[in-house]
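Right, one structure below, let's go through it.
Residue numbers (the numbering used here): 46 to 361.
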């Protein structure tokens, strides 16, 4: 599989946008295309492109600016938003309903479209989102070698690794590369539970991202995928993105005595935030993870800020 370069990923992520918008984005300087992290479309508000160094806007006449000016700005109307939303869902909104009610849709290539609008509540739970007013496309990036620094520092993954960071700090990008490296260079059998399709970017069984020789469980819930991988794939390492609650924890704890190591990500900036998450605290108490790796920020995505012993976090 040949990996897409950064510009090609930007083009792929922007392809669901309307022709009027996408053709303007194709005219952006290559430096912006290659560094773009998010494309944010808001109803009747200026479209923005977020990069590590700045947020950029486009005027209707094609000028690029870092500020909203008095000139007419490139924006999306209600028809544009509706067309973009249906393009993202491949004109099969019903089949993506479970994702939509959770606020996002995973696109081809592992790009992720966050969705805002009016919540439709049934039985005290969000069942759908209507009147879409904002769509944020997070561009999946692939940086081969980005996981090397972590593996060199940790030395062994026998006791598990938690990769921690705020949004856009590079957690998924690093996790993907760790999976690739472990399967190719460390001779490990690696199962990746890719619940949202962001790690491998699977489309009709074909991986859009280079995940080496990993076995990919695409679209499984983390809990089901973890149990399934242990039972059927005999992995040395199970990798999953964003531990989100007690069902995930239950599956990890259930499988932790089977000789398998876990590598996972979690949203938090530091040890103080990590220990405040009740479900994570349960895992730390059970010694599933030995090391917590804290990444820096969106300006230095994928770069290590610190590596901490999980026991120290629990006792400190």
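Don't be surprised by glycine CBs; every beta carbon is placed ideally from N, CA and C.
Cβ-Cβ distances below 7 Å link residue 176 to 162, 163 in the same chain, with the five nearest sequence neighbours on each side left out; the list follows chain order. C-alpha of residue 173 to C-alpha of residue 160: approximately 11 Å in a straight line.
Positions of the alpha helix (DSSP H) runs, each at least 4 residues long and wholly inside the segment 63-147, are given as 64-70, 75-80, 123-133, 142-145 in order along the chain. With contact defined as three or more Cβ pairs closer than 8 Å, the segment 197-213 and the segment 305-316 are in contact.
DSSP places residue 185 outside both helix and strand once states are collapsed to three, so it counts as coil. Judged by DSSP secondary structure, residue 309 falls within the beta strand (DSSP E) whose first and last residues are 306-312.
Residue 173 has 165 as its beta-bridge partners, per DSSP. With fewer than 16 other Cβ atoms inside 10 Å of its own Cβ, residue 123 counts as exposed. One Cα belongs to residue 334, the other to residue 85, and the distance between them is close to 35 Å.
Look at the segment 220-252 and you find these whole runs of beta strand (DSSP E), each 3 residues long or longer: 235-239. In this structure the segment 262-275 lies against the segment 232-246, because at least three pairs of beta carbons, one per stretch, are closer than 8 Å.
In the structure shown, residue 204 falls within a coil segment according to DSSP collapsed to helix, strand and coil. Secondary structure of residue 179 (DSSP, three-state): strand. Beta bridge pairing from DSSP links residue 351 with 339. By the Cβ rule, the segment 176-185 does not count as touching the segment 198-205, because fewer than three pairs are nearer than 8 Å. Annotation: residue 51 to residue 322 spans about 34 Å, alpha carbon to alpha carbon. Under the Cβ criterion (8 Å, minimum of three pairs), the segment 214-228 does not count as touching the segment 114-122. Shown here for residue 104: same chain residues with a beta carbon closer than 8 Å to its own, the five before and five after excluded, namely 110, 114, 116, 117, 118, 119 in chain order. Look at residue 286 here: in three-state DSSP terms it is coil, with no helix or strand label.
Per the Cβ contact rule, the segment 135-146 is not in contact with the segment 224-233 (fewer than 3 Cβ pairs under 8 Å).
Listed in chain order, the non-local C-beta contacts of residue 179 below 6 Å within the same chain comprise 87, 161, local neighbours out to five positions each way being set aside.
The residue among 246, 242, 261, 248 with its C-alpha nearest the C-alpha of residue 228 is 261. Taking the Cα positions, residue 336 is about 10 Å away from residue 308.
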